[in-house]
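> Please read through the structure below; I'll follow up with questions.
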Amino acid sequence: MNPRVVALRAGVRRGRIEFGQTMTNAGELIGWLWLPVVALVVMHAFGDGPLPGVDFSLGAQSVPGILAMNAVFTGLMGLAMALTMDREDGTLLRAKATPNGMLAYVVGKVLGKAALTVAVLALMLAPAVFVFDGLEPGRVSTWVTLAWVLLLGLLATLPIGAILGAVFGNAQSLGFVMLPIMGLVAVSGVFYPITALPGWLEVVGQVFPLYWLGLGLRSALLPDALAVAEIGGGWRHLETVLALGAWAVVGLVLAPIVLRRMARRESGSSVAARREQVAQRPG
């Protein structure tokens with residue numbers, strides 16, 4: 001059998017095992033769920049006001065954006081953190097030493113984080129449908145749109161996570177990435193329509209995939225009448241496909257290049273140096 005096929009199968013098996021371990025580890029699962037839970041609770045408590053120009057709760061309107069935000073955190077940041085931590089403890093070096101081990105490793109990590117992202121979204125969406133009035137999960141179009149938007153969103157964001165995990169040498173330095181991501185949350189229409197922002201911030205928000213992922217999820221879960229609160233007064237499905245598709249293409253081209261270069265630099269001495277840095281961290 002082709003060695004690459006064997007590696008791919010091993011990667012799928014690895015991803016399934018890692019996903020199962022996360023879903024059965026209460027502490028780790030809570031770690032992925034606490035942020036969207038807090039955001040949904042806050043919007044339920046303080047989002048009773050109507051959207052400008054429409055008779056619809058701001059809290060309910062924010063649900064798809066919160067789900068999109070958490071999909072980016074779980075997928076992008078989850079994969080980036082997993083790569084940096086595995087570089088620190090030598091897991092990546094062991095994968096490199098195995099024939100086609102890097103292929104199996106990357107496939108497993110990507111599939112595991114993709115499955116976790118979908119599972120967390122489902123776990124948050126189920127109660128949100130009952131807590132927030134106005135969401136429309138009963139339409140066939142809802143689930144069709146959710147499927148293609150989430151697929152494109154994962155393709156657009158997971159490669160970025162792989163690139164970040166390859167570029168940053170340790171999990172501590174990766175923490176600084178959270179600052180610009182939180183800035184993007186503020187300008188991507190997650191908690192309030194992006195049309196309420198100044199024009200130049202609207203442009204900035206539309207450059208990045210978080211806005212388009214949120215827009216796509218809003219088009220799936222919210223009544224069509226709410227499209228008037230969006231830029232251009234519509235859901236802009238074609239633009240969503242093009243924007244997320246462009247990020248996916250760029251990421252899928254760059255990620256393998258960056259990962260190969262990172263793997264070439266991995267050595268016993270580099271792992272030892274990282275372990276020494278970890279041991280010297282306070283606390």
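Sequence positions in the sequence shown follow the numbering used here and run 1 to 283. Glycine residues also receive a C-beta, built at the ideal position from the N, C-alpha and C atoms.
So Val-203 is in the alpha helix (DSSP H); what residue range does that whole segment cover?
Run containing Val-203: 199-207, per the alpha helix (DSSP H) assignment.
> Confirm the yes/no value for this check: CB of Arg-9, any heavy atom of the ligand GDP, distance under 7 Å.
Summarising the ligand content, the structure contains no ligands, and the ligand GDP is consequently not present.
> Just tell me which of Leu-146, Leu-111, Pro-50, Gly-189 has its CA closest to the CA of Asp-133.
When each option's Cα is compared against that of Asp-133, the closest is Pro-50.
> What are the boundary residues of the alpha helix (DSSP H) that includes Asn-70?
Per DSSP, Asn-70 belongs to the alpha helix (DSSP H) from 58-72.
> For Pro-99, which of helix, strand or coil comes out of DSSP?
It is coil, neither helix nor strand.
> Taking only the alpha-carbon atoms, compute the straight-line gap between Leu-151 and Leu-158 and give it to the nearest angstrom.
If you take the alpha carbons of Leu-151 and Leu-158, they lie about 11 Å apart.
> Is it right to say Ala-186 is buried, meaning 16 or more other beta carbons lie within 10 angstroms of its own, or is it exposed?
By the neighbour-count rule (16 or more Cβ atoms within 10 Å), Ala-186 is not buried but exposed.
> Return helix, strand or coil for Pro-50, following the three-state DSSP convention.
Looking at Pro-50 - three-state DSSP - the assignment turns out to be strand.
> With a cut-off of 8 Å on the beta carbons, I'd call Gly-78 and Leu-116 a contact; round off their distance for me.
Going by Cβ atoms, the distance from Gly-78 to Leu-116 rounds to 7 Å, so yes, they are a contact pair.
> Would you call the stretch 85-102 and the stretch 122-142 touching, i.e. three or more CB-CB distances under 8 Å?
Verdict: no, contact absent.
> Let me know the secondary structure DSSP gives Glu-18 once reduced to three states.
Looking at Glu-18 - three-state DSSP - the assignment turns out to be helix.
> Go to Arg-265, then tell me how far its alpha helix (DSSP H) extends in each direction, as first and last residue.
Here the alpha helix (DSSP H) through Arg-265 covers 237-265.
> The alpha helix (DSSP H) with Asp-89 in it runs from where to where?
From DSSP, the alpha helix (DSSP H) with Asp-89 extends over 78-89.
> How many angstroms separate the CA atom of Ile-17 from the CA atom of Leu-111?
Their Cα atoms are separated by approximately 10 Å.
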